[in-house]
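Colleague:
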Amino acid sequence: MLILSVESSCDETAVAIVDSGKKVLADIVSSQTQIHAKFGGVVPELASRNHLLDIIPVIDQAFSKANVSMDQISAIAVTRGPGLIGALLVGLQSAKALAYVHQKPLIEVNHLHGHLNAIYLHGPDEPVPVAPQYPHAALVVSGGHTAIYLLKTPYDIEVLANTMDDAAGEAFDKVARMLGLGYPGGPVIEKMSKNGNPQAYDFPLPRFKDGRLDLSFSGLKTAVLTAIKKHGSLPEGQAMLDLIASFQMAAVSQLVDRSLSAMQRASVSTLVLAGGVACNTLLREKLAQALNERNMTLLAPPKKWCTDNGAMIAAAAYWWIEEAKNKGYDPSMLQLNATSTWPLHTLKAPESMVNRAY
Ligand code: KG4
Ligand code: ZN
35 MLILSVESSC
45 DETAVAIVDS
55 GKKVLADIVS
65 SQTQIHAKFG
75 GVVPELASRN
85 HLLDIIPVID
95 QAFSKANVSM
105 DQISAIAVTR
115 GPGLIGALLV
125 GLQSAKALAY
135 VHQKPLIEVN
145 HLHGHLNAIY
155 LHGPDEPVPV
165 APQYPHAALV
175 VSGGHTAIYL
185 LKTPYDIEVL
195 ANTMDDAAGE
205 AFDKVARMLG
215 LGYPGGPVIE
225 KMSKNGNPQA
235 YDFPLPRFKD
245 GRLDLSFSGL
255 KTAVLTAIKK
265 HGSLPEGQAM
275 LDLIASFQMA
285 AVSQLVDRSL
295 SAMQRASVST
305 LVLAGGVACN
315 TLLREKLAQA
325 LNERNMTLLA
335 PPKKWCTDNG
345 AMIAAAAYWW
355 IEEAKNKGYD
365 PSMLQLNATS
375 TWPLHTLKAP
385 ESMVNRAY
């Protein structure tokens with residue numbers, strides 16, 4: 035079953051064609067990072083305008099890459115939210131138009147559910163990855179979200195921990211901005227940290243008195259700002275490298291600490307890693323090591339499917355379509371509308387979406 039998927043929730047215009055929610059035949063991502071870099075972050079209006087320019091060429095490229103025609107497509111999947119409303123609307127209306135004209139089912143996908151399903155993807159010549167058993171935990175760590183979930187089934191999702199303030203990726207982006215390192219901050223901080231001393235600063239691990247597992251990154255961001263002020267000027271050379279390496283270590287240590295505690299509380303032994311910050315090698319290494327020592331398993335998608343992409347949207351839609359098929363429902367919804375907020379734990383199984391008003 036070939037699914038055409040469209041993702042435009044932030045600053046990537048992404049379209050993919052995926053077979054049975056797993057085998058990626060085409061995965062085209064047109065990134066706007068260069069456009070937003072000079073503003074130090076995503077400018078919503080510019081994002082919408084550039085999605086408009088990119089969406090049709092990106093759809094065309096996906097069909098050429100996969101070497102298939104619209105006749106072979108069984109369903110069209112699209113990100114309905116959460117994300118920037120103007121950006122979402124471009125992808126959603128394009129997908130809706132295609133579904134209407136070509137008479138294909140239109141499937142809504144929660145962007146975070148997409149990130150979680152990236153774990154099932156593989157290239158045509160790549161081995162099929164190990165699929166997580168249910169229940170399992172998942173750490174979704176991106177520029178807009180940072181949370182740890184318990185997945186009892188693909189749709190029965192509980193929040194184990196959430197960030198109280200900034201998302202982890204947002205902290206990487208803000209620290210990079212403070213230090214004049216450009217946007218997005220994650221990749222540049224990771225690269226430069228390799229030559230810094232991660233123990234140079236002892237940034238504390240946030241803890242909540244009531245024993246909550248929640249995460250927090252704004253204190254860490256302020257601690258970096260305080261260190262810059264103490265330094266007297268913007269640190270340069272080794273001083274800069276030591277500061278960002280220590281920041282990265284503190285952010286990663288918190289994510290590892292909270293993931294372990296959440297897994298223990300939920301009595302699960304598998305963690306799925308997802309979202310843009312999951313590209314971070316230190317995070318992957320520290321999580322793998324900590325879980326290994328406890329006989330637990332880490333499942334992480336290849337880096338190319340951790341940041342925003344269309345393939346993960348098709349992967350999430352596939353389970354949705356299968357579930358609807360098994361239960362005899364029509365999962366198509368041409369009345370879809372975009373939503374800027376859509377908490378993952380409010381996701382419902384397809385049967386509850388029949389006759390749903392938007
Ligand atoms: O998932 P994503 O592409 O978009 C959102 O849904 O937010 O994540 C983007 C975020 C950015 O904040 C970026 O700085 C961060 O992921 N990121 C990284 C790395 N690569 C991307 N953070 C840390 N280390 C990286 N290597
Ligand atoms: Zn994302």
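Add 34 to a position in the sequence shown, counting from 1, and you land on the number used in the working numbering.
Yeah, the Cβ is synthetic: ideal placement off N, Cα and C, and Gly gets one too.
For F206, which residues from the same chain have a beta carbon less than 6 Å from its beta carbon, with the 5 sequence-adjacent residues on both sides left out?
Modeller: So the qualifying residues of the chain are G219, G220 and I223.
Colleague: Would you kindly work out how many angstroms separate the C-alpha atoms of H156 and D61, rounded to a whole number?
Modeller: Cα to Cα, the separation comes out at about 11 Å.
Colleague: Between A273, A285, E79 and V306, which has its C-alpha nearest V124's C-alpha?
Modeller: Here the closest residue by C-alpha is E79.
Colleague: Under the criterion of a Cβ to heavy atom distance below 7 Å, does P240 qualify as lining ligand 1?
Modeller: Flag unset: Cβ of P240 not near ligand 1.
Colleague: Give, in chain order, every unbroken run of the beta strand (DSSP E) that is at least 3 residues long and sits entirely within the segment 140 to 180.
Modeller: Within the segment 140 to 180, the complete beta strand (DSSP E) runs of at least 3 residues are 140 to 144 and 170 to 175.
Colleague: How many Å lie between K243 and K228 at the Cα?
Modeller: Answer to the nearest angstrom: the Cα atoms are 34 Å apart.
Colleague: Taking 7 Å as the cut-off, is the C-beta of N314 nearer than that to any heavy atom in ligand 1?
Modeller: Within the cutoff, so yes.
Colleague: Alpha carbon to alpha carbon, how far is P116 from M274? Give it in angstroms, no decimals.
Modeller: Approximately 35 Å, taken between the alpha carbons.
Colleague: Would you say D45 touches ligand 2, meaning its beta carbon is less than 7 Å from a heavy atom?
Modeller: False, no ligand heavy atom lies under 7 Å from that Cβ.
Colleague: Would you kindly report the start and end of the unbroken beta strand (DSSP E) that includes L65?
Modeller: According to the sequence shown, residue 65 is Ser rather than Leu. Element bounds for S65: K57 to S65.
Colleague: Rounded C-beta distance between A279 and A202? I'm assuming under 8 Å.
Modeller: About 16 Å; that fails the 8 Å criterion.
Colleague: Which two residues bound the contiguous alpha helix (DSSP H) that contains N326?
Modeller: Where N326 is concerned, the enclosing alpha helix (DSSP H) stretches over T315 to E327.
Colleague: Ends of the beta strand (DSSP E) at E270?
Modeller: No beta strand (DSSP E) contains E270, which DSSP labels as neither H nor E.
Colleague: If the criterion is Cβ atoms closer than 8 Å, does the pair I51 and V102 meet it?
Modeller: Their beta carbons are under 8 Å apart, which means I51 touches V102 by this criterion.
Colleague: Which two residues bound the contiguous alpha helix (DSSP H) that contains S39?
Modeller: Not the alpha helix (DSSP H): S39 falls in the beta strand (DSSP E), residues L36 to E41.
Colleague: Inspect the CB distances between the segment 68 to 79 and the segment 166 to 174 and report whether three or more fall short of 8 Å.
Modeller: These segments do not touch.
Colleague: Sorted by chain position, which residues of the same chain lie with C-beta nearer than 6 Å to N151's C-beta, five sequence neighbours on each side aside?
Modeller: Excluding positions up to five away in sequence, the list reads M346, A349 and A350.
Colleague: Less than 7 Å between the CB of D342 and some heavy atom of ligand 2, yes or no?
Modeller: Indeed, a heavy atom of ligand 2 lies less than 7 Å from the Cβ.
Colleague: If you run the structure through DSSP and keep just helix, strand and coil, what is L378?
Modeller: Reduced to three states, the DSSP call for L378 is helix.
Colleague: Could you spell out the range, first to last residue, of the alpha helix (DSSP H) harbouring R114?
Modeller: Per DSSP, R114 belongs to no alpha helix (DSSP H); it is in the beta strand (DSSP E), I107 to G115.
Colleague: Count the other C-beta atoms from every protein chain shown that fall within 10 angstroms of the C-beta of S374, then say buried if there are 16 or more, exposed otherwise.
Modeller: Looking at its Cβ environment, which holds fewer than 16 other Cβ atoms inside 10 Å, S374 is exposed.
Colleague: Verify the contact flag: E204, CB atom, against every heavy atom of ligand 1, threshold strictly below 7 Å.
Modeller: Checking every heavy atom of ligand 1 against the Cβ of E204, one is found closer than 7 Å.
Colleague: With DSSP collapsed to three states, give me the class of A195.
Modeller: Strand.
Colleague: Report the residue from I355, Q369 and L370 whose alpha carbon sits nearest the alpha carbon of Y5.
Modeller: Nothing about residue 5 can be reported from this structure: the residues present for the chain run from 35 to 392 only.
Colleague: Could you give the distance in angstroms between the alpha-carbon of Y168 and the alpha-carbon of G271?
Modeller: When rounded, the distance between both Cα atoms is 47 Å.
Colleague: Distance check for V58 and R241, CA to CA, integer angstroms please.
Modeller: Each residue's alpha carbon lies about 41 Å from the other.
Colleague: DSSP three-state call for V92: helix, strand or coil?
Modeller: Three-state result, V92: helix.
Colleague: Examine ligand 2 and report whether any of its heavy atoms sits within less than 7 Å of the Cβ of S176.
Modeller: At least one heavy atom of ligand 2 is nearer than 7 Å to the Cβ of S176, so yes.
Colleague: Looking at the structure shown, is D53 part of a helix, part of a strand, or coil, going by DSSP?
Modeller: Here D53 sits in strand by DSSP.
Colleague: Taking buried to mean at least 16 other C-beta atoms within 10 Å of its own C-beta, is I90 buried or exposed?
Modeller: By the neighbour-count rule (16 or more Cβ atoms within 10 Å), I90 is not buried but exposed.
Colleague: Quick check on the DSSP output: the alpha helix (DSSP H) that includes L132 runs from which residue to which?
Modeller: L132 -> alpha helix (DSSP H) spans I119 to H136.
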